[in-house]
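Participant: Each residue of the sequence shown is one higher than the last, beginning at 135 in my numbering.
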Amino acid sequence: MKLAIVDYGMGNILSLSSALNFIGVNETLFANDHDSLSKADKIILVGVGHFKKAMDNLNDLNLIEPLNDFAIIKKKPILGICLGMQLMATY
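Here it is, written out as structure tokens:
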């Protein structure tokens, strides 16, 4: 299983990676483009901060469509943590 942590500049991805390694999840990758996300079986979307800034960052990296495709079309699991969960909502 390949687990991608979305790197869009709004979360402490290194702490999450360390925690995952601590519990035995060793095959993680940091993803900030479509190609990286497409290699994943599961995604974690973390975030801390302002919703608009986070959405701007995701838009700037062209990650909105790949994330939607991953979850809605391919029906693969995404875990949103804190702001990451809010980003997956429609309102």
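Ideal Cβ positions, reconstructed from N, Cα and C, are used throughout, including at glycine.
Please specify which runs of the alpha helix (DSSP H), each continuous and at least 4 residues long, are wholly inside the segment 145-201, giving them in chain order.
Facilitator: 147-156, 168-172 and 185-194
Participant: Along the chain, where does the alpha helix (DSSP H) containing residue 218 start, and where does it finish?
Facilitator: In the sequence shown, the residue the question calls residue 218 occupies position 84. Residue 218 -> alpha helix (DSSP H) spans 217-221.
Participant: Is the segment 178-191 touching the segment 210-220, taking contact as three or more C-beta pairs under 8 angstroms?
Facilitator: yes
Participant: Measuring straight from C-alpha to C-alpha, what distance separates residue 195 and residue 201?
Facilitator: By one-based count along the sequence shown, residue 195 stands at place 61. By one-based count along the sequence shown, residue 201 stands at place 67. Those two C-alpha atoms are separated by around 11 angstroms.
Participant: Determine the contact status of residue 139 and residue 165, defining contact as a CB-CB distance below 8 angstroms.
Facilitator: For the purposes of this step, residue 139 is taken as the residue at position 5 of the sequence shown. For the purposes of this step, residue 165 is taken as the residue at position 31 of the sequence shown. In contact: residue 139 and residue 165 (Cβ atoms closer than 8 angstroms).
Participant: Distance, Cα to Cα, residue 177 vs residue 137?
Facilitator: Start at 1 with the first residue of the sequence shown, and residue 177 comes out as number 43. Start at 1 with the first residue of the sequence shown, and residue 137 comes out as number 3. Using only the alpha carbons, I get a separation of about 6 angstroms.
Participant: Tell me which residue opens and which closes the beta strand (DSSP E) that residue 205 is part of.
Facilitator: On the sequence shown, position 71 is the one that residue 205 refers to. Per DSSP, residue 205 belongs to no beta strand (DSSP E) and is neither H nor E.
Participant: Just the Cα atoms here: how many angstroms apart are residue 220 and residue 205?
Facilitator: Sequence index remark: in the sequence shown, residue 220 carries index 86 (1-based). Sequence index remark: in the sequence shown, residue 205 carries index 71 (1-based). Looking at the two C-alpha atoms, the distance is approximately 15 angstroms.
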